[in-house]
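-1 is the number of the first residue of the sequence shown in our numbering; add one for each residue after it.
By construction, the Cβ of each residue, glycine as well, lies at the ideal position given by its N, Cα and C atoms.
Computed from a prediction, not measured in an experiment: that's the story for all the values here.
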Amino acid sequence: MLIEVGVIERIWRYPIKSTGGELLHRAEVEERGLVGDRLFAVRDAQGKFGSGKNTRRFRRMPGLLHLRSRYVDDVGEPELLDPRGAVVPDASAYLRRYLGREDVEVAREGAISHFDQLPISVLTTATLDWVRSAVPDVPVDERRFRPNLLVRTPPGTPPFVEDEWFGSKARIGDAVCIEFVRSSERCVMTNEAQQDLPHSPMVLRAITKEHDMRLDGLATVVSPGLVQAGDPLVLL
-1 MLIEVGVIER
9 IWRYPIKSTG
19 GELLHRAEVE
29 ERGLVGDRLF
39 AVRDAQGKFG
49 SGKNTRRFRR
59 MPGLLHLRSR
69 YVDDVGEPEL
79 LDPRGAVVPD
89 ASAYLRRYLG
99 REDVEVAREG
109 AISHFDQLPI
119 SVLTTATLDW
129 VRSAVPDVPV
139 DERRFRPNLL
149 VRTPPGTPPF
159 VEDEWFGSKA
169 RIGDAVCIEF
179 VRSSERCVMT
189 NEAQQDLPHS
199 PMVLRAITKE
209 HDMRLDGLAT
219 VVSPGLVQAG
229 DPLVLL
């Protein structure tokens, strides 16, 4: 049985990992994920990638979320935009000054994936609305959670409905098929200030208390193709 669970409301791509992304009306999806998504990252001399946390693969580099990245034509290296929205002429040189580090550069993905977990992150408006209600004094939108796809769900849809999709495949539009696997374990990046969103520890605290730090639906790509805003998301 086919079940339409919502429609694609917004599509996000993050050309340079851990920077603010670009809002798209349509995007090509390949096995790796959205074409160009997190294909580049800020890398230091130890080979660690700039992030909001310190782990075996990632190095905390505060301030990256105040920057944005975008592609001009989906070919070549992305542009880096400063906090005012102006394109910088040399991304690596700018980041060295901005971060106060001489050992960083913008690097294309090689043998080590830039993804924290799986290639596609899907978030529903039902879950996003719950977060807003849990922290009413904190500005919240999907940018705090960095999904690729924000899905508009029907009124009455329960929060964290994404959990019910794990183990299922879904079709988006005419061609794309994804398979939901699990949710993301959230970290301090959800609290971080970015552009017009202020820092607040209440966001992660609420998710931790209610849902064990987990939020969204992570998926792999079964069949590639084009996704567009307005496409239905249909569970197979």
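Quick one: what's residue i bridged to in DSSP?
i	result
residue 147	9, 120
residue 218	177
residue 103	41
residue 183	212
residue 2	232
Measuring alpha carbon to alpha carbon, tell me which residue in the options is nearest residue i.
i	options	result
residue 158	176, 9, 123, 116	123
residue 67	76, 60, 59	76
residue 98	59, 125, 117, 83	59
residue 9	228, 169, 91, 232	228
residue 177	160, 6, 143	160
residue 56	64, 145, 47, 63	47
residue 90	29, 132, 182, 41	41
residue 262	183, 170, 64	Given a span of -1 to 234 for the chain in the structure shown, any question on residue 262 remains unanswerable.
residue 232	169, 221, 206, 210	169
residue 7	146, 166, 194, 209	146
residue 172	21, 27, 18, 62	27
residue 21	103, 226, 130	226
residue 167	118, 80, 93, 210	118
residue 96	222, 191, 80, 120	80
residue 221	32, 136, 103, 194	32
residue 193	3, 154, 104, 62	62
residue 125	224, 116, 154, 102	154
residue 140	127, 163, 133	127
Between residue i and residue j, which are expected to be in contact by the criterion C-beta below 8 Å, what is the C-beta distance as a whole number of angstroms?
i	j	result
residue 78	residue 70	About 12 Å; that fails the 8 Å criterion.
residue 179	residue 218	6 Å
residue 280	residue 186	Residue 280 cannot be examined here, being either before or after the span of the chain that is shown, -1 to 234.
residue 148	residue 181	The Cβ separation is near 15 Å, so there is no contact.
residue 4	residue 151	4 Å
Could you have a look at residue i and say whether DSSP puts it in helix, strand or coil?
i	result
residue 89	helix
residue 205	helix
residue 77	strand
residue 67	strand
residue 24	strand
residue 160	helix
residue 109	coil
residue 140	helix
residue 224	strand
residue 33	coil
Beta-carbon of residue i versus every beta-carbon of chain D: anything under 7 Å?
i	result
residue 1	The displayed structure is made up of one protein chain only, and chain D is not part of it.
At least three beta-carbon pairs within less than 8 Å, the segment 198 to 205 to the segment 95 to 111
no
Contact the segment 29 to 37 vs the segment 10 to 18: 3+ CB pairs below 8 Å
yes
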